[in-house]
Amino acid sequence: MSRISKEEVKHVANLARLAITEEEATTFTKQLDDIITYAEQLNELDTTGVEPTTHVLDLKNVMRKDEPKKWISQDDALKNAPDKQDGQFKVPSVLE
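Residue numbers (the UniProt record's numbering): 1 to 96.
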């Protein structure tokens, strides 16, 4: 028994804005049915006591801690600015 019909394959292709031929629909139906059959084998596994995961590896936050550091002075930051005013970068207006 097929787990996906040719009409469903055509419907999904239409939703994805893909133009497929009858031959392609038949091929994709067989391929998708094989994929679904393979994935359904997971239902046979005993997962009692196995916690759900979002990733196969136990990843932790790998980003550095956000700590304030001394940076360059305001004068140094503005030193090479093409245009500045009142201690700030001056840029062309984008709004009318």
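Glycine included, C-beta positions come from ideal geometry on N, C-alpha and C.
Note that the structure is predicted; figures quoted are calculated from it, not measured.
Residues of its chain near L57, where Cβ-Cβ distance is below 7 Å and the 5 sequence neighbours each way are ignored = Apart from the 5 residues on each side of it in sequence, L57 has no Cβ closer than 7 Å to any other Cβ in its chain.
Are the CB atoms of S2 and T29 nearer to each other than 9 Å?
-> The Cβ atoms of S2 and T29 sit closer than 9 Å to each other.
Grouping DSSP H, G and I as helix and E and B as strand, with all else coil, what is K84?
-> Look at K84 here: in three-state DSSP terms it is strand.
For the alpha helix (DSSP H) containing K30, list its first residue and its last residue.
-> For K30, the enclosing alpha helix (DSSP H) covers residues 22–40.
Please classify V62: is it buried, with 16 or more other beta-carbons within 10 angstroms of its beta-carbon, or exposed?
-> By the Cβ neighbour-count rule, V62 is exposed, with fewer than 16 other Cβ atoms within 10 Å of its own.
Whether residue 136 touches G87 by CB criterion (9 Å) | Shown here, the chain extends from 1 to 96; a query on residue 136 therefore has no answer.
Would you kindly work out how many angstroms separate the C-alpha atoms of T47 and T37, rounded to a whole number?
-> In a straight line, the C-alpha of T47 is about 19 Å away from that of T37.
Report all residues from its chain with a CB closer than 7 Å to the CB of Q74; omit the five preceding and five following residues, and keep chain order.
-> For Q74, same chain residues with a beta-carbon under 7 Å away, outside a window of 5 residues either side, are G87 in chain order.
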